[in-house]
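Notes follow the structure.
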Ligand SMILES: [Zn+2]
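In the numbering used here, the protein residues as written are 44 to 291.
See below:
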């Protein structure tokens, strides 16, 4: 199912891992499409949706990425039909921000960590190198980080490499877009989903092996895309394109 705001819902899936998985969005930002695909689309404007993933697993309520938040407006205009943001999207499915027990940030760019401060009871799973880099980014990446999204006493669980968060939810390191980018593999009894973040902001990044337009390391970016492609039978959820979870 899908509505105009890009909410995609799958029925609660009770299987080996007892996971409920939903794609939520925090609106969209208009940008030059060449920022999403290396060497293509110069001068083409694109409405990039800000995808997050909500996962319910037992008593845990997990959110992957937290949109552009209010901060987004200071960086670039975030368009939200009817003012509907990520917090509203959660509330619409009966989840309050304080119910979230874990947040996985694919990386700490502002448009993936914007509402971090709303999740006061959550533990934050961020790659160790990403966290280090976010405090002192290179000049060319400086505008993508905002300390207000991570530097205020959050409870961090620094992650190195592959990491099982709960049964059926595994962090996969996918550096290249940033130094410590990570994607998330969700496995239910019948299905596999991969939340790509900006390893693949669009479907075409993964389908055509086109690296993102923004990278800290282009070779790593391609290796990371290939790593995700090697996980067979998965539905890929790109970071910035409307996506369906497919049929379970
Ligand atoms: Zn990014």
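For glycine and all other residues, C-beta sits at the position ideal for the given N, C-alpha and C.
All figures in this text were calculated on a predicted structure; none of them were measured in a lab.
- Counting of Cβ neighbours within 10 angstroms places residue 232 among the exposed residues, the total staying below 16.
- For the set 103, 72 and 90, the Cα lying nearest the Cα of residue 140 is the one of 103.
- By the neighbour-count criterion, in which a residue is buried when 16 or more other Cβ atoms sit within 10 angstroms of its Cβ, residue 94 is buried.
- Take the alpha-carbon of residue 165 and the one of residue 159: they are about 9 Å apart.
- The nearest non-hydrogen atom of ligand 1 is 7 Å or more from the C-beta of residue 75.
- Within the segment 226 to 290, the complete beta strand (DSSP E) runs of at least 3 residues fall at 235 to 240 and 277 to 281.
- The DSSP-derived three-state label of residue 181 is coil.
- For a cut-off of 8 Å, the C-beta gap from residue 261 to residue 254 is around 6 Å, short enough to register as a contact.
- For residue 219 and residue 258, the gap between their C-alpha atoms comes out near 6 Å.
- For residue 281, same chain residues with a beta-carbon under 8 Å away, outside a window of 5 residues either side, are 94, 239, 243, 244, 245, 246, 248 and 249 in chain order.
- Listed in chain order, the alpha helix (DSSP H) elements of length 4 or more contained wholly in the segment 147 to 225 are 153 to 156 and 171 to 178.
- Relative to residue 197, the option among 72, 205 and 147 whose CA is nearest is 147.
- In chain order, the residues positioned with their C-beta nearer than 5 Å to some heavy atom of ligand 1 are 152 and 241.
- 8 Å or more divides the Cβ of residue 62 from the Cβ of residue 132.
- When the beta-carbon positions are compared, residue 81 and residue 256 come within less than 8 Å of each other.
- Taking C-beta separations shorter than 6 Å and ignoring five residues to either side along the sequence, the partners of residue 176 in its chain run 222, following chain order.
- A check of alpha carbon separations from residue 209 across 241, 168 and 154 identifies 168 as the nearest.
- Residue 64 is positioned such that its CB atom lies closer than 8 Å to that of residue 288.
- For residue 130, the uninterrupted alpha helix (DSSP H) run begins and ends at 129 to 135, by DSSP.
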